[in-house]
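As you go down the protein sequences, you meet chains A and B in turn. Just so we're aligned, residue 1 is where the first sequence starts under my numbering, counting upward by one. Just so we're aligned, residue 1001 is where the second sequence starts under my numbering, counting upward by one. Working notes for the structure below.
Number of protein chains: 2
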Amino acid sequence: MNFATDDMLPSARDRFERMYSILRTRICLLDYPPGTRLSEEALAAEFGTSRTPLRRVLVRLEGEGLVQSVHGVGTFVTDADFTELEQTYQLRMELTELLGILGPKPPDPALWERLEALSAEVHALADTPDARRFGELNMEFVLTFHRISGNVPLRDICDRLFFQTARIWLKSMAAARIDVAAEVRIFADEIDECLRALAIGDVRSAALIQRTHISMSFVRMRQVW
Amino acid sequence: MNFATDDMLPSARDRFERMYSILRTRICLLDYPPGTRLSEEALAAEFGTSRTPLRRVLVRLEGEGLVQSVHGVGTFVTDADFTELEQTYQLRMELTELLGILGPKPPDPALWERLEALSAEVHALADTPDARRFGELNMEFVLTFHRISGNVPLRDICDRLFFQTARIWLKSMAAARIDVAAEVRIFADEIDECLRALAIGDVRSAALIQRTHISMSFVRMRQVW
DNA sequence: ACTCGTCTTGTTGTGCACAACATGGCATGG
DNA sequence: CCATGCCATGTTGTGCACAACAAGACGAGT
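Structure below.
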């Protein structure tokens, strides 16, 4: 028989997902700012593999628009011009609203617990502002929030669009030296508002609250440009 | 100096795009029905290359959800259960409506010409119904229609979603032995309605017309299941 | 007759060596 | 001094051989 063991060797798919997830996070949280060259050889060495599996990950990341490979030159983290960013933000607003309309699900107990834990962590962060930690919590909150919709394709698309805009948002925040503490406070209020709506089962309103915050964060971003 | 020549050798990117586009079309038009195994070796031989570049294409196709590779077994064209298909259709309806709202562009002269040519071809097809040609024209029309929105990310997403649903739609049409001629007539009317709206610059209405046709085609599909 | 283990076969995944390519430095001729 | 062509260097792209893996065939043992 086949017994499940704890020390199962990770399959090829597991290794792929792991590398993909790690690199995506690093790009979105500005560990690799836009324009950074990603060395295939160095990354392959870091993950203890050869270039071949790593290149597979890079192909996927290129498909998602996060990196771009140029023959003979290198693989670079992409940047975005303002027009493209604005269009993506507009789209994210509409799709976020759709999250509350297409197959809205009452938040799972586990989901709810995660959201409340996130709320606590963000409030704690208000005392010791840290841009990267801020980005991390924001990412987890957004991805968790997307799960209020039962529409899987919509969720996936919202995730992708978030990954595409997150780094630009964090970058311009850092470049314009926006007060991180202020953004943390705004973020904390956003979570609380959202949780209040979800607590009474008003998923539609929660989605609209999210939409307004996406809109306002974009306007704030535009003002400092 | 570097002169531009007509006999430029295709770059790696060109070769990639070519193979990707061809395979995508074959999958969407049922040349490779859902469940078909794609032989890396055979395809590499067909395109006159080795497995390595071809695998890159398959990785991209897997990212788009059109195929799925299993270690030691094969690479297969994906199928979809009804729930997933329904969700994708609902999403396509909403996004198609958005096409008329986010950055609507007055149709380009070239675009307009293409649309009218398509209309003529579809009307011509009514005499000699052919399922594959029908799928081909429908694909080109949908992709062309998506260009009425200036919102590039939205266009790309609509394209992707169409590629994901097209083969399932054609497949269930073929399986249920729906009258192709009837579908062609409906499609011809759809184009004409759409063109009438676009002719007077009412992009929003053109998008809504599209939405209603997506909705109705899904209902027709559901009825034969 | 049935079960289990083993072997064979065919597939995708990986590693490595080399080709194709772009870039910057450098020498050379004007 | 400058322009230009060449070359060295480092990068991604490709081809090929082999490893990892899954599924079915087959036969020995019960």
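Glycine included, every Cβ here is placed at the ideal spot set by N, Cα and C.
Exercise for the section: Check whether the Cβ atoms of L90(A) and N1151(B) sit closer than 8 angstroms, and answer yes or no. Expected result: Translated into the one-based positions of the first sequence, residue 90(A) becomes position 90. Translated into the one-based positions of the second sequence, residue 1151(B) becomes position 151. Note that residue 90(A) corresponds to Gln in the displayed sequence, not to Leu. Yes, they are a contact pair.
Practice task
Inspect the CB distances between the region 187 to 196 of chain A and the region 50 to 65 of chain A and report whether three or more fall short of 8 angstroms.
Solution key: no
Practice task
Kindly indicate which three-state DSSP category S1050(B) falls into: helix, strand or coil?
Solution key: In the second sequence, counting from the first residue as 1, residue 1050(B) sits at position 50. Three-state result, S1050(B): coil.
Problem - Residue range of the beta strand (DSSP E) that includes G1074(B) - result: As a working mapping, residue 1074(B) is identified with position 74 in the second sequence. Its beta strand (DSSP E) spans residues G1074 to V1077.
Problem - Distance cut-off 7 angstroms: A1166(B) Cβ against heavy atoms of the ligand ZN - result: With respect to the ligand ZN, the structure offers nothing, as it holds no ligand at all.
Practice task
With DSSP as the reference, label L43(A) as helix, strand or coil.
Solution key: What you label residue 43(A) is simply residue 43 of the first sequence in a count that begins at 1. It is helical.
Practice task
Kindly provide the ranges of any beta strand (DSSP E) runs that are 3 or more residues long and lie completely inside the region 1099 to 1137 of chain B, ordered along the chain.
Solution key: none
Handout entry: 8 angstroms Cβ cutoff, H146(A) in contact with chain B
Key = Residue 146(A) sits at position 146 when you count from the first residue of the first sequence. No, H146(A) does not count as interfacial toward chain B.
Exercise for the section: Decide if N2(A) is buried, meaning its Cβ has at least 16 other Cβ atoms within 10 Å, or exposed. Expected result: Taking the first residue of the first sequence as position 1, residue 2(A) is located at position 2. Low local confidence applies: a pLDDT of 36 at N2(A) is under 50, so the model's placement there is unreliable, and no value is given.
Handout entry: Three-state secondary structure assigned by DSSP to D1006(B)
Key = Numbered from its first residue, the second sequence carries residue 1006(B) at position 6. At D1006(B), the pLDDT of 45 sits below 50, so the modelled position is not reliable; the number obtained from the coordinates is stated separately. Coil at D1006(B), not helix or strand.
Problem - Pair within 8 angstroms by beta-carbon distance, A1044(B) and S1050(B) - result: Walking along the second sequence from the start, residue 1044(B) turns up at place 44. Walking along the second sequence from the start, residue 1050(B) turns up at place 50. Contact flag set, yes.
Practice task
Give the single residue among T128(A), P34(A) and R204(A) whose Cα lies nearest to the Cα of T75(A).
Solution key: Indexing the first sequence from 1 puts residue 75(A) at position 75. The candidate whose alpha carbon is nearest that of T75(A) is P34(A).
Handout entry: For L1143(B), the nearest candidate out of A1181(B), G1103(B) and L1099(B) (CA to CA)
Key = The residue you call residue 1143(B) lines up with position 143 of the second sequence. The candidate whose alpha carbon is nearest that of L1143(B) is L1099(B).
Handout entry: Contact set between T1012(B) and chain A, taken where Cβ atoms lie within less than 7 angstroms
Key = The residue given as residue 1012(B) occupies position 12 in the second sequence. In the sequence as presented, Thr is not what sits at residue 1012(B); that position holds Ala. Neighbours of A1012(B) on chain A, chain order: H71.
Exercise for the section: Kindly give me the distance between the Cβ atoms of I1157(B) and L1095(B), rounded to whole angstroms, as I take these residues to be in contact under 8 angstroms. Expected result: Stepping through the second sequence from its first residue, residue 1157(B) is reached at position 157. Stepping through the second sequence from its first residue, residue 1095(B) is reached at position 95. Confirmed, about 6 angstroms.
Problem - Min CB distance T88(A) to chain B below 8 angstroms - result: Start at 1 with the first residue of the first sequence, and residue 88(A) comes out as number 88. At least one chain B Cβ lies under 8 angstroms of T88(A).
Exercise for the section: Please report the residue range of the alpha helix (DSSP H) in which V70(A) lies. Expected result: Sequence index remark: in the first sequence, residue 70(A) carries index 70 (1-based). That residue, V70(A), is in no alpha helix (DSSP H); its beta strand (DSSP E) goes V67 to V70.
Handout entry: Cβ-based burial, R167(A) [other Cβ within 10 Å; buried from 16]
Key = Here residue 167(A) refers to the residue found at position 167 of the first sequence. Buried, because 16 or more other Cβ atoms sit within 10 Å of the Cβ of R167(A).
Exercise for the section: Buried or exposed for P106(A), please, with buried defined as at least 16 other CB atoms from any protein chain shown within 10 angstroms of its CB. Expected result: Translated into positions along the first sequence, residue 106(A) becomes position 106. It counts as exposed.
Exercise for the section: Kindly indicate if chain B contains any beta-carbon less than 8 angstroms away from that of L115(A). Expected result: To locate residue 115(A), count along the first sequence from 1; it is residue 115. Output row for L115(A): interface = no.
Handout entry: Extent of the continuous alpha helix (DSSP H) to which V1219(B) belongs
Key = As a first step, residue 1219(B) is located in the second sequence; it is residue number 219 there, counting from the start. It spans V1203 to Q1223 - the alpha helix (DSSP H) in which V1219(B) sits, taken as one unbroken run.
Handout entry: E1136(B) beta carbon less than 8 angstroms from that of L1030(B)
Key = Counting from 1 along the second sequence, the entry for residue 1030(B) is found at position 30. Counting from 1 along the second sequence, the entry for residue 1136(B) is found at position 136. No. Outside cutoff.
Problem - Host alpha helix (DSSP H) of D1031(B) (start-end) - result: Mapped onto the second sequence, residue 1031(B) falls at position 31. Note, D1031(B): premise wrong, no alpha helix (DSSP H); not H, not E.
Practice task
Please say whether L1118(B) and V1184(B) have beta carbons closer to each other than 8 angstroms?
Solution key: What you label residue 1184(B) is simply residue 184 of the second sequence in a count that begins at 1. What you label residue 1118(B) is simply residue 118 of the second sequence in a count that begins at 1. The answer is no: Cβ separation not under 8 angstroms.
Problem - Within-8 angstroms CB hit, R60(A) to chain B - result: For this step, residue 60(A) is matched to residue 60 along the first sequence. For R60(A), the answer is yes, since a Cβ of chain B falls inside 8 angstroms of its Cβ.
Problem - Sub-8 angstroms separation of S1172(B) and M1093(B) beta-carbons - result: On the second sequence, position 172 is the one that residue 1172(B) refers to. On the second sequence, position 93 is the one that residue 1093(B) refers to. Taking 8 angstroms as the Cβ cut-off, S1172(B) and M1093(B) do not qualify as a contacting pair.
Exercise for the section: Would you grab the beta carbon distance between R1211(B) and P1104(B) for me? Rounded to a whole angstrom, and I think it's under 8 angstroms. Expected result: Sequence index remark: in the second sequence, residue 1211(B) carries index 211 (1-based). Sequence index remark: in the second sequence, residue 1104(B) carries index 104 (1-based). No, R1211(B) and P1104(B) are not in contact; Cβ-Cβ is about 14 angstroms, not under 8 angstroms.
Problem - Nearest neighbour of H1071(B), chosen from A12(A), F141(A) and A206(A) [CA to CA] - result: As a first step, residue 1071(B) must be located in the second sequence, where it is residue number 71. Considering only alpha carbons, the answer is A12(A).
Problem - Contacting residues, own chain, Cβ-Cβ under 8 angstroms from W169(A) (five flanking each side not counted) - result: Position 169 of the first sequence holds residue 169(A). These residues qualify, in order along the chain: S217 and M221.
Exercise for the section: Check the Cβ-Cβ distances between N1151(B) and every residue of chain A, and say whether any is below 8 angstroms. Expected result: Looking up residue 1151(B) in the second sequence gives position 151. Cβ-Cβ to chain A under 8 angstroms: yes for N1151(B).
Exercise for the section: Can you tell me which of A175(A), L66(A), T78(A) and S149(A) puts its alpha carbon nearest to the alpha carbon of D108(A)? Expected result: Position 108 of the first sequence, counting from 1, holds the residue named residue 108(A). D108(A) has its Cα closest to that of S149(A), out of A175(A), L66(A), T78(A) and S149(A).
Practice task
Determine whether the Cβ of L1098(B) lies closer than 8 angstroms to any Cβ atom of chain A.
Solution key: For this step, residue 1098(B) is matched to residue 98 along the second sequence. For L1098(B), the answer is yes, since a Cβ of chain A falls inside 8 angstroms of its Cβ.
Problem - Minimum C-alpha distance to R176(A) - residue among A131(A), R147(A) and V73(A) - result: Taking the first sequence and counting its residues from 1, the one referred to as residue 176(A) is at position 176. The amino acid at residue 176(A) is misidentified as Arg; the sequence shows Ala. Comparing Cα positions, the closest option is A131(A).
Exercise for the section: For R1155(B), I'd like the list of residues in its chain whose CB is within less than 7 angstroms of its CB, leaving aside the five on either flank, ordered along the chain. Expected result: As a working note, residue 1155(B) is residue 155 in the second sequence. Excluding residues within five positions, the ones whose Cβ falls inside 7 angstroms are H1146, R1147 and S1149.
Practice task
Assign L23(A) to buried or exposed, taking buried as 16 or more other Cβ atoms, counted over all protein chains shown, within 10 Å of its Cβ.
Solution key: Mapped onto the first sequence, residue 23(A) falls at position 23. L23(A) comes out buried.
Handout entry: Own chain partners of L1208(B) with C-beta closer than 8 angstroms, once the 5 adjacent residues on each side are dropped
Key = Against the second sequence, residue 1208(B) aligns to sequence position 208. Excluding positions up to five away in sequence, the list reads E1097 and G1100.
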